[in-house]
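Trainee: Submitted below is the structure of interest, expressed as structure tokens.
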Amino acid sequence: MKKIVIIGLLLITAHFAQAQDKIEWLKFEEAVAATEANPKMLLVDVYTDWCGWCKKMDKETFTDPAVVKYINDNFYAVKMNAEDDNRKFDFKGKEYTEAKMAAAMRVQSYPNFVIIDPTLMNITQLPGYRQPVEFLAGLGEIVDKGIGAK
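Going by mature numbering (1 follows the signal peptide of the UniProt record, and there is no 0), the letters in the sequence shown line up with residues -19 to -1, 1 to 131, in that order.
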């Protein structure tokens, strides 16, 4: 019985340790609510299911420990499928699908990373696949300049 309890505790500890090694992805409306309660910039990863470079970002860049920590510390991260016309949500009094929101943000290529400031104004886009160091440099430049700070 004691061994089962120890194994259970180890599994729970491993689960929490693993959870900290991942980006905390939110739905768009969850990130909006979170930034209203505790202001941070939003990082919106606009992707499509068929995009090979998007999958490469997920596999290589978004699993890099430095990228995971930096995003979780500085942004509310959102995954948005630019072709999803099914899931609906409200934003600033209008109803959107993920596809309509991607179009409203003027995303035309994938992957594309839209940075939205804490006041929910579109700041900039970082288009295209980026390796971890390059991706962190682009995000760091935005954060260091204080773009979007309240």
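We treat Cβ as the ideally placed atom computed from N, Cα and C, and that holds for glycine.
Which class does E64 belong to by DSSP, given the choice of helix, strand or coil?
Mentor: Here E64 sits in coil by DSSP.
Trainee: Looking at I123 and L23, is the spacing between their C-beta atoms short of 9 Å?
Mentor: no
Trainee: Just tell me which of K126, Y51, A84 has its CA closest to the CA of D2.
Mentor: Y51
Trainee: Identify, in the order they occur along the chain, each residue of the same chain with its Cβ nearer than 8 Å to the Cβ of N67, setting aside the five sequence neighbours on each side.
Mentor: T78
Trainee: Whether or not the segment 87 to 94 and the segment 30 to 47 are in contact is what I'm after, with contact meaning three or more pairs of Cβ atoms, one per stretch, closer than 8 Å; do they touch?
Mentor: yes
Trainee: Would you please state the rounded distance, in angstroms, between the beta carbons of A80 and A63? I believe it to be under 8 Å.
Mentor: Between A80 and A63 the beta-carbon gap is near 6 Å, inside 8 Å, which marks them as a contact.
Trainee: With burial defined as no fewer than 16 other Cβ atoms inside 10 Å of the residue's Cβ, what is the status of A12: buried or exposed?
Mentor: buried
Trainee: Can you check whether the CB of P108 is closer than 9 Å to the CB of K21?
Mentor: no
Trainee: Which residue wins for smallest C-alpha separation from W31, given the options D65, G74, D54, I104?
Mentor: D65
Trainee: DSSP three-state label for N19, please.
Mentor: Coil, per DSSP.
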